[in-house]
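So the structure is just underneath, and the comments pick up after that.
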Amino acid sequence: MRTHYAGQVDDKLDGKTVKLAGWVHETRDLGGILFILLRDRTGISQLTIKKKETPELAENAKHFVKETAIMCEGKVTKNKQAPKGVEIHPTNITMAGKVYKKVPLDVTDKVPAEIDTRLDARFIDLRRAKPSAIMRVRATAQSAFREKLMELGCQEINPPTIVSTATEGGADLFHVQYFEKDAFLAQSPQLYKQLALVGGMDRVFMITTIFRAEKHNTTTHLNEVTQMDAEISFTDDEGAMDVLEKTFLHILEVVSKERKEDLKLLESEVKPLKKIKRFTYDHVLEKLKGEYDVEWGHDFPKEAEQKMPSLLGEEAFFITKWPTQVRAFYSMPFEDEPKKCRAFDLMYKGLEISSGAQRIHDPELLVKALKTRGLNPEDFESYVDAFRYGAPPHAGWSIGSERLTMQLTGQKNIRECALFPRDRHRLLP
Ligand code: ATP
Ligand code: MG
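So that you can map any letter, position 15 of the sequence shown is 15 in the numbering used here, and since no number is skipped, the others follow by simple counting.
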């Protein structure tokens with residue numbers, strides 16, 4: 001129903017007839033002239049209706065209240081006073097979707113709305129410039145992720161999200177009734193990506209939904225999350241970090257290049273980087289001393305994470321060689337120092353955006369790791385059993401798409417980075 005997007009209409013099209021489709025962003029009646037700003041996802045075009053020349057069109061256009069969906073055919077005409085130096089003289093405008101009710105928020109941003117009001121009407125909120133820019137950054141980051149991993153020879157898989165057991169051994173699971181059986185929503189694709197490698201797929205990646213029934217309500221956690229995962233055979237933690245580094249650097253490069261305008265609108269800066277330094281957990285702990293003391297063997301709280309970039313002098317970096325006790329049971333301990341394991345986190349602008357590790361592929365070592373943590377190996381029997389048929393050594397990681405988008409776009413609240421966020425209280429829309 002359109003020949004062009006609003007963002008494509010410029011003075012090179014002077015004299016040409018175009019068809020646009022979108023929403024009434026604003027109207028202005030100057031007596032003899034009526035302006036309609038038509039907005040689509042790419043931008044805004046000014047439709048100029050001269051009442052004397054096209055009285056019927058002007059009469060008709062009176063009914064187009066803000067946010068009406070319209071289609072328009074008209075001639076592109078140069079006008080120095082118009083935004084972008086061109087306007088459209090319509091020969092025809094039709095109402096495509098009528099506004100039946102009061103629009104719950106101001107899409108032009110002249111009257112700002114609270115986040116809850118916006119999320120209650122998220123499908124209208126997404127018409128606003130900033131949310132749509134955030135969603136574009138997110139999409140670009142995900143496609144850069146996919147692009148790089150395919151280039152690195154990884155195969156895309158789609159793991160199940162209804163599972164019968166916990167993979168992390170945690171209590172943060174949503175229960176579902178699966179016909180006669182009890183089941184859960186997956187809290188990570190962990191088991192299945194590992195099984196894909198046991199199945200000989202060698203190196204895999206996935207963009208998949210996971211569910212965490214964490215009751216806390218923070219600005220960095222959601223209960224439904226999109227994870228961007230990779231798992232690679234015959235490699236260790238360093239090898240997995242190499243792949244994550246390449247992938248992350250590619251994401252930064254592509255986002256900074258392709259989403260320049262969006263980042264400008266969001267007042268966020270994404271600098272392409274050349275290298276991601278690797279600091280040990282012990283080193284980071286030491287650097288934090290005095291600023292934010294963390295006891296050895298504990299995870300870094302979010303406040304500590306925020307202090308790291310200035311203390312370490314890096315915007316993005318890995319934290320390596322974690323205390324075994326804070327990481328998932330399947331993280332591979334160092335042979336010569338089993339108190340530490342081959343796990344890592346990727347930090348970006350003061351927030352954990354990814355976790356990974358070399359996994360334990362030896363079933364006996366897995367049973368031992370479960371016992372050390374006070375977990376019952378019988379509860380994990382099907383997981384452990386998968387490694388009894390010639391399992392390859394392997395390592396992998398997971399990036400949270402919303403967390404990554406948050407840091408790329410400079411958002412303070414993770415809810416801004418999910419299409420329809422699910423948090424402790426929100427299940428609608
Ligand atoms: P955190 O300690 O920050 O709560 P986590 O260590 O429990 O996160 P992982 O199990 O390591 O999370 O998951 C891998 C990645 O998925 C995280 O680095 C993060 O980017 C993302 N992620 C995990 N849980 C959530 C959540 N509840 N909401 C949003 N993103 C999440
Ligand atoms: Mg983590």
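We treat Cβ as the ideally placed atom computed from N, Cα and C, and that holds for glycine.
By a beta-carbon distance limit of 8 Å, Pro393 contacts His361. Their separation comes to about 5 Å. Cα atoms of Val76 and Gly31: separation of roughly 22 Å, rounded to the nearest angstrom. Around the beta-carbon of Thr94, fewer than 16 other beta-carbon atoms lie within 10 Å, marking it exposed. Remark: the C-beta of Ser401 is outside contact range of ligand 2, defined as less than 6 Å to any heavy atom. Beta-carbon to beta-carbon, Ser331 and Trp397 are separated by about 12 Å, too far to satisfy the 8 Å threshold. In the structure shown, the three-state DSSP call for Arg278 is strand. Distance between Asp10 and Asn60, taken at the CA atoms: about 26 Å. Under DSSP, Cys341 takes part in a beta bridge, and its partners are Trp322 and Pro333. DSSP places Ala144 in the uninterrupted alpha helix (DSSP H) bounded by Ala129 to Glu151. The criterion of a C-beta distance shorter than 7 Å is satisfied by Gly410 and Ser268. Set against 6 Å, the gap from the CB of Arg127 to the closest heavy atom of ligand 1 is not smaller. For the 7 Å CB-CB criterion, Val243 and Gly400 do not form a contact. Comparing C-alpha distances from Pro323 to each of Lys307, Leu311 and His298 shows the shortest one belongs to His298. Put simply, the backbone Cα of Ile88 is about 14 Å away from that of Lys51.
Under the DSSP definition of a beta bridge, Gly400 partners with Gln227. If you check the CB distance, Val198 and Ala357 do not come in under 7 Å.
Between Phe184 and the set Ser164, Lys193 and Arg203, the nearest pair of CA atoms involves Ser164.
With the rule of 3 Cβ pairs closer than 8 Å, the stretch 63-81 counts as touching the stretch 22-36. For Lys181, the beta-bridge partners assigned by DSSP are Tyr178.
Less than 7 Å divides the Cβ of Met241 from the Cβ of Phe344. Shortest Cα-Cα distance from Lys16 to any of Asp29, Val86, Arg212 and Asn376 involves Val86. Within the stretch 33-75, the runs of beta strand (DSSP E) at least 3 residues long that lie entirely inside it are, in chain order, 33-40 and 43-50. Of the candidates Arg278, Ala196 and Leu126, Arg278 places its Cα closest to the Cα of Ala316. Distances taken from the Cβ of Ile49 to the heavy atoms of ligand 1 include none shorter than 6 Å. Residues of the same chain with a CB within less than 8 Å of the CB of Lys274, apart from the 5 flanking positions on each side, are Leu249 in chain order. Per DSSP, Pro301 lies in no alpha helix (DSSP H) segment and is marked neither H nor E. The nearest non-hydrogen atom of ligand 1 is 6 Å or more from the C-beta of Glu416.
Proximity of the beta carbon of Ser355 to ligand 2 is indicated: a heavy atom of the ligand is located closer than 6 Å. The C-alpha of Asp182 is placed about 41 Å away from the C-alpha of Asp336. With respect to Thr218, Thr280 sits apart: the two C-beta atoms are not nearer than 7 Å.
Collapsing the DSSP output to three states places Pro90 in a strand.
The beta carbon of Glu402 sits closer than 7 Å to those of Leu222, Val225, Thr226, Ile414, Cys417 and Ala418, all from its chain and outside the five residues before and after it, given in chain order. The beta carbon of Glu245 sits no closer than 6 Å to any heavy atom of ligand 1. If you draw a straight line from the Cα of Lys19 to the Cα of Glu114, it is about 35 Å long.
Residue environment analysis places Glu291 among the exposed positions, since fewer than 16 neighbouring C-beta atoms fall within 10 angstroms of its C-beta. Closest in C-alpha terms to Met1, from the list Lys62, Lys12, Val204 and Glu73, comes Glu73.
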